[in-house]
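Inspection log for the structure reproduced underneath, given as structure tokens.
Protein chains in written order, with my numbering: chain A, 89 to 335; chain S, 172 to 399; chain X, 10 to 77.
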């Protein structure tokens with residue numbers, strides 16, 4: 089049933105396939121982020137409670153929600169790599185981790201610069217902020233565990249186990265605002281009486297999707313480099329290295 | 172050969188062995204305990220000895236010290252067995268690895284968790300903790316320290332093959348410890364103000380049950396990776 | 010749909026929240042830029058490493074054949 093997939097599990101094929109996707113994904117991500125950000129910054133109505141400071145939402149919410157999605161993506165890749173011993177999945181997980189860590193960092197910093205004018209403080213130790221910080225630590229743990237093994241096959245497995253164990257944190261972040269009384273705003277409602285007006289919601293959704301596409305593009309760029317680094321002994325990589333590397 | 176050894180027999184043999192080894196090297200039991208006591212005594216010196224402040228921060232100090240003590244003592248959980256090769260014997264044995272791992276973690280908890288629970292009330296007195304909070308302190312430690320041992324063992328199993336695993340271990344384990352810390356100190360604070368704290372206890376108990384079921388699999392898988 | 014700001018200066022003023030809004034956008038897109046830079050140059054760094062390794066091996070092989 090899955091036979092048609094097998095040729096793509098070959099490193100060289102995956103490398104070429106990723107190379108075909110990257111330009112399209114990058115163009116799409118750039119267009120979406122430009123549209124969403126300009127729409128949000130210039131054309132969205134000012135919030136009647138928060139004034140113009142709410143415009144941070146157009147980078148904060150996409151980063152926060154995609155930091156979780158990227159973690160889930162990494163954990164799924166790690167799981168596939170562990171269970172079916174597919175090296176490409178291991179490399180994918182290792183490529184997502186640094187991208188996810190930076191996105192989590194962005195979510196934390198933008199949240200903090202939004203918190204200062206709204207709550208009067210850069211940081212509060214409430215459930216959502218703390219668990220997002222834990223998410224950053226988990227990303228950093230996965231990255232440094234992967235880096236500390238000489239043998240990268242073992243490194244990927246060890247980091248994969250850690251990534252899967254850390255998935256428990258994701259529902260805690262997602263529902264922390266609904267479970268605990270928190271200073272943090274509730275989750276955004278798409279429908280109903282308290283729904284966001286479409287002029288705010290549409291650019292926000294565009295930016296969320298744009299962040300997702302951008303993470304995919306960056307992960308694929310790293311994924312290609314990872315394939316090369318892990319296959320340094322293969323003839324096709326050596327040819328490529330001698331064609332491009334010696335300058 | 173004793174190929175037909177039953178699961179319970181294997182479990183208790185390993186437990187007995189670990190306890191016996193620990194009794195012969197008494198430092199393994201006393202050093203974490205001493206570390207725990209010293210860390211707790213440092214805090215009044217650092218933040219001032221005013222009873223009001225101390226009683227306010229006592230649950231946090233005791234629990235953070237417990238986390239650190241548990242983490243430091245965990246480092247040696249698999250190290251000696253890894254070095255002398257008995258860990259590989261365990262991996263090869265016909266008994267399920269999860270069972271053997273559980274027995275080792277239980278031994279670790281008996282050796283470091285239980286003494287810590289016994290000493291904790293004494294330290295709570297020194298920190299002027301509210302007397303209403305004592306039962307909560309004991310209960311959270313009883314339910315929480317096994318979770319620390321179980322979760323920590325995952326990190327130790329991942330880093331046992333590495334030469335410089337120490338600092339990395341703290342980066343891996345401490346984020347996983349945070350939920351236990353939050354709910355345990357929350358329960359103690361609720362108890363100090365005479366509010367019901369069953370909710371937090373129930374969550375810690377749920378964490379214990381969950382990690383008791385799932386952690387042995389993660390520890391076993393990590394050990395197989397590390398000893399490859 | 011119309012622009013919410015009267016002038017460009019107004020836009021940069023952000024209703025008095027200029028510092029926070031531009032700080033967060035600056036850090037966000039700044040760190041993204043650094044990330045993108047690292048991701049793109051990583052491939053050429055890896056290839057250079059491999060090329061250097063190949064050259065080293067070739068030099069070793071030549072050295073050995075010279076000795077004989």
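Glycine is no exception: its CB is placed at the ideal position from the N, C-alpha and C atoms.
Identify the contact partners of residue i in chain A, using a Cβ-Cβ distance below 7 Å as the criterion.
i, result
"residue 51 of chain X", "310, 313"
List the residues of chain A that residue i touches, going by C-beta distances under 8 Å, in chain order.
i, result
"residue 42 of chain X", "None at all; the shortest Cβ gap to chain A is about 10 Å."
"residue 343 of chain S", "229, 233, 250"
Assuming the contact rule is C-beta atoms closer than 8 Å, residue i and residue j should be a hit. Round their C-beta distance to whole Å, please.
i, j, result
"residue 304 of chain A", "residue 234 of chain A", "20 Å between Cβ atoms; not a contact."
"residue 295 of chain A", "residue 150 of chain A", "5 Å"
"residue 33 of chain X", "residue 201 of chain A", "4 Å"
"residue 97 of chain A", "residue 168 of chain A", "Actually they do not touch by this definition, with Cβ atoms about 11 Å apart."
"residue 261 of chain S", "residue 323 of chain S", "At roughly 19 Å, the Cβ-Cβ gap does not stay under 8 Å, so residue 261 of chain S and residue 323 of chain S are not in contact."
"residue 115 of chain A", "residue 40 of chain X", "Wrong, their Cβ atoms sit about 22 Å apart, outside the cutoff."
Can you pull the chain S neighbours of residue i, defined as C-beta to C-beta under 9 Å?
i, result
"residue 242 of chain A", "332, 396, 397, 399"
"residue 249 of chain A", "325, 328, 329, 389, 392, 393, 396"
Please list the terminal residues of the continuous alpha helix (DSSP H) segment that includes residue i.
i, result
"residue 188 of chain S", "178-195"
"residue 164 of chain A", "145-172"
"residue 100 of chain A", "99-126"
"residue 227 of chain A", "215-236"
"residue 234 of chain S", "222-245"
"residue 288 of chain A", "286-318"
"residue 22 of chain X", "17-22"
"residue 255 of chain A", "First-last for residue 255 of chain A: undefined, no H or E at that position."
"residue 387 of chain S", "369-397"
"residue 182 of chain A", "175-207"
"residue 202 of chain S", "198-218"
"residue 147 of chain S", "Only positions 172 to 399 of chain S appear in the structure, and residue 147 of chain S is not among them; the question remains open."
"residue 267 of chain S", "From DSSP, residue 267 of chain S is part of no alpha helix (DSSP H); its letter is neither H nor E."
"residue 261 of chain S", "257-263"
"residue 283 of chain S", "First-last for residue 283 of chain S: undefined, no H or E at that position."
"residue 326 of chain A", "323-332"
"residue 308 of chain S", "305-330"
Among the candidates the options, whose CA atom is the shortest distance from the CA of residue i?
i, options, result
"residue 274 of chain S", "S/395, S/398, S/383", "S/383"
"residue 316 of chain A", "A/302, A/301, A/332", "A/332"
"residue 140 of chain A", "X/56, X/62, X/20", "X/20"
"residue 211 of chain S", "S/299, S/245, S/351, S/320", "S/299"
"residue 327 of chain S", "S/228, S/177, S/206, S/342", "S/342"
"residue 190 of chain A", "X/37, X/15, X/28, X/12", "X/37"
"residue 351 of chain S", "S/360, S/336, S/372", "S/372"
"residue 110 of chain A", "A/177, A/310, A/318", "A/310"
"residue 313 of chain S", "S/292, S/330, S/201, S/302", "S/292"
"residue 313 of chain A", "X/39, X/75, X/57", "X/57"
"residue 49 of chain X", "A/203, A/183, A/194, A/129", "A/183"
"residue 226 of chain S", "S/183, S/395, S/184, S/296", "S/296"
"residue 311 of chain S", "S/247, S/358, S/321, S/255", "S/358"
"residue 302 of chain S", "S/282, S/272, S/213, S/365", "S/365"
"residue 180 of chain S", "S/191, S/193, S/271", "S/271"
"residue 113 of chain A", "A/212, A/302, A/181", "A/302"
"residue 213 of chain A", "S/283, S/349, S/207", "S/349"
"residue 259 of chain A", "A/284, A/319, A/223", "A/223"
"residue 284 of chain A", "A/122, A/145, A/123", "A/145"
Which residues in chain A have a C-beta closer than 9 Å to the C-beta of residue i? List them in chain order.
i, result
"residue 245 of chain S", "The premise fails here: residue 245 of chain S is roughly 15 Å from chain A at the closest Cβ pair, so nothing lies under 9 Å."
"residue 339 of chain S", "229, 232, 233, 236"
So which residues of chain X does residue i contact, with C-beta pairs closer than 8 Å?
i, result
"residue 117 of chain A", "Simply none; closest approach about 10 Å."
"residue 306 of chain A", "44, 45, 48"
What residues of chain X sit near residue i, judged by a beta carbon separation below 9 Å?
i, result
"residue 224 of chain A", "The contacting residues do not exist; residue 224 of chain A stays about 13 Å from chain X at best."
"residue 332 of chain A", "52, 53, 56, 57, 60"
Along chain S, in chain order, which residues have C-beta atoms closer than 7 Å to that of residue i?
i, result
"residue 255 of chain A", "What residue 255 of chain A touches in chain S: nothing, since even the nearest Cβ is about 11 Å away."
"residue 158 of chain A", "In chain order: nothing, as chain S lies at least about 17 Å away."
Quick one: list the residues of chain X neighbouring residue i, beta-carbon separation under 7 Å, in chain order.
i, result
"residue 102 of chain A", "The contacting residues do not exist; residue 102 of chain A stays about 14 Å from chain X at best."
"residue 329 of chain A", "56, 59, 60, 63"
Nearer than 7 Å: is that true of the beta carbon of residue i relative to any heavy atom of the ligand GTP?
i, result
"residue 309 of chain A", "Of the ligands one can find in the structure shown there are none, so the ligand GTP has no counterpart to examine."
Quiz prompt | Contacting positions in the region 309-326 of chain A - beta carbon closer than 7 Å to chain X | solution = 309, 310, 312, 313, 316, 317, 320, 325, 326
Quiz prompt | Residues in the region 346-380 of chain S having any Cβ partner in chain A nearer than 8 Å | solution = 346, 347, 349, 350, 353
Quiz item: Between the region 10-32 of chain X and chain A, which residues of the former have CB atoms less than 8 Å from a CB of the latter, in chain order?
Solution: 10, 11, 12, 13, 14, 20, 23, 24, 25, 26, 29, 30, 32
Practice problem: Could you name the residues of the region 131-142 of chain A whose beta carbon sits closer than 8 Å to any beta carbon of chain X, in the order they occur along the chain? | Solution: 131, 132, 133, 134, 139, 140, 141
Quiz prompt | Contact list for the region 166-190 of chain A against chain S, Cβ threshold 9 Å | solution = 170
Exercise. Compile a chain-ordered list of the residues in the region 191-217 of chain A whose CB is closer than 7 Å to at least one CB of chain X.
Key: 193, 194, 197, 198, 201, 202, 204, 205
Self-check item: the region 141-155 of chain A: positions lying closer than 9 Å to chain S by Cβ
Solution: none
Quiz item: Closer than 7 Å, Cβ to any Cβ of chain A: which residues of the region 62-75 of chain X, in chain order?
Solution: 62, 63
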